[in-house]
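J.: I'd like to ask some things about the structure below.
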Ligand code: 9WN
């Protein structure tokens, strides 16, 4: 591709291809439904050239919000999809829960809460200001109910930190961060209901989670559905995967701050959201900081111990301005080293997992490949602290990888080869965001 205009057109064409009439598929074959954090990232691209569609993307997701406030990680397209996906609605069986939405089929777990950030972004770049204020009014109570549910259901010790109980909730499904916790789940054959994967018919097995990962994923869903997605029972019965995740909580801090701004714009009280933001930021700083390695790390609540695995997500608190300057400097020293990617190295910044970790892989999903959404978060985080050379390097990758390799889901951190699904929506939408914002 030769110029920005052509790149722009190509990115819009990906989103157009994936548009269903009411929401955008992450990619046509592998993920043929609506995903929660994908939709937030996708709306941020639409915001620059199609306000109505940006609003519709988020509206569709929240139409499937549960009665208790949770926003499901998948909303199944039961209207015009003919592609298979596992696990589908028959497996999730959400209508065991009295809180499931009556008119939608969804999953029963959540994904990182980027939605208030996306709603504010749509408002900020809106072409029609009056209409965008109405959108803020429409979304505000739904976003508030979503955050309220997170704190009431997933912070049982009242620490200001949300825990997740499925790797899919992190968005970084097979990150080495979860290896130890998953290996400690003792599965016997009768623990795992029968299932057939669809993903391996579409993508090479070396680029996807392993069978033992999937056995655990399926077992954990079965654990939850047997308890009717009742969070209190899930916690009290000791689901054996409970993690306080850095990225999830960081995005919640930023989302709370953005929700406070939305409240201010429409004459509502901003205080509860500011106070949630500050509590969670303080808890991240107290509990999830690794002072030896200068990176934030997840906490395994089930085994009551820190998870010593260094993912790129460990730098994400920069996005929500959580570390002070001194910490931020020490983090950048770590990021800007051969353990991730030194600024002078001839490789693509930045791998999703430390290159010196024994679990690192160039091709396997969240175990090393470069992801555009992670670069987008870190690009902004580094900009907040004035680390422009590194920030620019990440920003350039968001533009160069799709233009030279195509709109893939993830990329080889050395040679840039595209992996996973082609025509991936957030690769396109976040590229559009970067291009429009540099104009
Ligand atoms: C399970 C849709 C989603 C992303 C996740 C990514 C992948 C699903 C899967 O695809 O997860 O939710 O089937 O592998 O890991 O981040 O939201 O793009």
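Numbering (our numbering), first residue to last: 118 to 556. Ideal Cβ placement from N, Cα and C applies to all residues, glycine included.
1. Where does residue 196 fall in DSSP's three states?
2. Can you tell me whether DSSP reads residue 233 as helix, strand or coil?
3. If you run the structure through DSSP and keep just helix, strand and coil, what is residue 206?
4. Quick one: is residue 197 buried, meaning 16 or more other Cβ sit within 10 Å of its Cβ, or exposed?
5. Which residue marks the beginning of the alpha helix (DSSP H) containing residue 154, and which one marks its end?
6. Going by beta carbon distance, what residues of the same chain come within less than 6 Å of residue 387, once the five residues before and after it are set aside?
7. Please report the Cβ distance between residue 288 and residue 550, rounded to the nearest whole angstrom; I am assuming they are in contact, meaning their Cβ atoms lie under 8 Å.
8. Using the C-alpha atoms, what's the distance from residue 354 back to residue 524?
9. Flag this pair as yes or no: are the beta carbons of residue 361 and residue 286 separated by less than 8 Å?
10. Does the beta-carbon distance from residue 159 to residue 555 come in below 8 Å?
11. So, is residue 251 buried or exposed, given that buried needs 16 or more other C-beta atoms within 10 angstroms?
12. Considering Cα atoms alone, identify which of 389, 458 and 240 is closest to residue 249.
13. Could you check where the alpha helix (DSSP H) with residue 493 kicks off and where it finishes?
14. For residue 256 versus residue 428, is the C-beta distance shorter than 8 Å?
15. Taking 7 Å as the line, does the beta carbon of residue 225 fall inside it for any heavy atom of the ligand 9WN?
16. Please list, following the chain, all residues that have a C-beta closer than 5 Å to any non-hydrogen atom of the ligand 9WN.
17. To the nearest angstrom, how far is the alpha carbon of residue 404 from that of residue 416?
18. Could you tell me which residues DSSP pairs with residue 412 in its beta bridges?
19. May I ask you to list the residues that DSSP assigns as paired with residue 280?
20. Whose CA, out of 165, 505, 147 and 217, lies closest to the CA of residue 348?
21. Can you pull the DSSP bridge partners for residue 470?
22. Under the DSSP definition of a beta bridge, which residues are partnered with residue 141?
23. List the endpoints of the continuous alpha helix (DSSP H) containing residue 515.
24. Spell out whether any CB of chain D is found under 8 Å from the CB atom of residue 321.
25. So what's residue 327 in DSSP terms, helix, strand or just coil?
26. If we count Cβ pairs, one from each stretch, closer than 8 Å, do we get three or more for the segment 137-145 versus the segment 210-224?
27. Just list the residues that DSSP pairs residue 223 with in beta bridges.
28. Hey, out of 314, 280, 313 and 331, whose CA is closest to residue 302's CA?
29. Let me make sure I understand the geometry here. Which of 407, 352, 383 and 357 has the alpha-carbon closest to that of residue 363?
30. Along the chain, where does the alpha helix (DSSP H) that runs through residue 525 open and close?
31. Quick check on residue 385: does DSSP put it in helix, strand or coil?
32. Determine the DSSP secondary structure at residue 336, reduced to helix, strand or coil.
33. Name, in chain order, the residues that DSSP records as bridge partners for residue 148.
34. Using alpha carbons as the reference points, say which of 267, 475 and 409 lies closest to residue 444.
35. Below 6 Å CB to CB, which residues in the same chain sit around residue 437 once its five sequence neighbours on both sides are set aside?
T.: In terms of the structure at hand:
1. Reading the chain shown from its first residue, position 79 is the one you call residue 196. Three-state DSSP puts residue 196 in coil, outside helix and strand.
2. Numbered from 1 along the chain shown, position 116 holds the residue referred to as residue 233. Residue 233 falls in the helix class under three-state DSSP.
3. In the chain shown, the residue the question calls residue 206 occupies position 89. DSSP places residue 206 in helix when its eight states are reduced to three.
4. The residue you call residue 197 lines up with position 80 of the chain shown. Classification for residue 197: exposed.
5. As a working mapping, residue 154 is identified with position 37 in the chain shown. 153-163 is the extent of the alpha helix (DSSP H) around residue 154.
6. Position 270 of the chain shown, counted from the first residue, corresponds to residue 387. For residue 387, where only same-chain residues beyond five positions count, the Cβ hits under 6 Å are 377, 380 and 381.
7. Translated into positions along the chain shown, residue 288 becomes position 171. Translated into positions along the chain shown, residue 550 becomes position 433. 18 Å between Cβ atoms; not a contact.
8. Taking the chain shown and counting its residues from 1, one reaches residue 524 at position 407. Taking the chain shown and counting its residues from 1, one reaches residue 354 at position 237. Straight-line Cα distance between these residues: approximately 42 Å.
9. Residue mapping note: residue 361 aligns to position 244 of the chain shown, counting from 1. Residue mapping note: residue 286 aligns to position 169 of the chain shown, counting from 1. Cβ atoms of residue 361 and residue 286: not closer than 8 Å.
10. Here residue 159 corresponds to residue number 42 of the chain shown, with the count starting at 1. Here residue 555 corresponds to residue number 438 of the chain shown, with the count starting at 1. No.
11. Taking the first residue of the chain shown as position 1, residue 251 is located at position 134. It counts as exposed.
12. Reading the chain shown from its first residue, position 132 is the one you call residue 249. The candidate whose alpha carbon is nearest that of residue 249 is 240.
13. Here residue 493 is taken as the residue at index 376 of the chain shown, counted from 1. Counting along the chain, the alpha helix (DSSP H) containing residue 493 begins and ends at 489-501.
14. Reading the chain shown from its first residue, position 139 is the one you call residue 256. Reading the chain shown from its first residue, position 311 is the one you call residue 428. No; because the gap between Cβ atoms is not below 8 Å, this pair is not in contact.
15. Indexing the chain shown from 1 puts residue 225 at position 108. Residue 225 Cβ: outside cutoff for every heavy atom of the ligand 9WN.
16. 143, 148, 152, 155, 285, 288 and 290
17. In the chain shown, the residue the question calls residue 404 occupies position 287. In the chain shown, the residue the question calls residue 416 occupies position 299. Answer to the nearest angstrom: the Cα atoms are 8 Å apart.
18. Here the question's residue 412 lines up with position 295 in the chain shown. Partner(s): 407.
19. On the chain shown, residue 280 is found 163 positions in, with the first residue counted as 1. In the DSSP output, where bridge partners are listed per residue, residue 280 has 361.
20. Along the chain shown, read from residue 1 onward, the residue named residue 348 stands at position 231. Residue 217 is the option with its Cα nearest to residue 348.
21. Counted from its first residue, the chain shown places residue 470 at position 353. Looking at the DSSP assignment, residue 470 forms a beta bridge with 428.
22. Numbered from 1 along the chain shown, position 24 holds the residue referred to as residue 141. Partner(s): 136.
23. As a position in the chain shown, residue 515 is number 398, starting the count at 1. Here the alpha helix (DSSP H) through residue 515 covers 505-522.
24. Of the protein chains in this structure there is only one, and it is not chain D.
25. Position 210 of the chain shown, counted from the start, is the residue given in the question as residue 327. Correct three-state label for residue 327: coil.
26. no
27. Taking the first residue of the chain shown as position 1, residue 223 is located at position 106. According to DSSP, residue 223 bridges with 192.
28. Sequence index remark: in the chain shown, residue 302 carries index 185 (1-based). Residue 302 has its Cα closest to that of 331, out of 314, 280, 313 and 331.
29. As a first step, residue 363 must be located in the chain shown, where it is residue number 246. When each option's Cα is compared against that of residue 363, the closest is 407.
30. Numbered from its first residue, the chain shown carries residue 525 at position 408. Premise fails: residue 525 is in no alpha helix (DSSP H) and is neither H nor E.
31. Here the question's residue 385 lines up with position 268 in the chain shown. Residue state, collapsed to three classes: coil.
32. Taking the first residue of the chain shown as 1, we reach residue 336 at position 219. Residue 336 falls in the helix class under three-state DSSP.
33. Here residue 148 corresponds to residue number 31 of the chain shown, with the count starting at 1. In the DSSP output, where bridge partners are listed per residue, residue 148 has 144.
34. Looking up residue 444 in the chain shown gives position 327. The shortest Cα separation from residue 444 among 267, 475 and 409 belongs to 409.
35. Residue numbering aside, residue 437 sits at position 320 when the chain shown is read from its first letter. If we look at residue 437 and ignore the five residues flanking it on each side, its Cβ neighbours are 367, 370 and 371.
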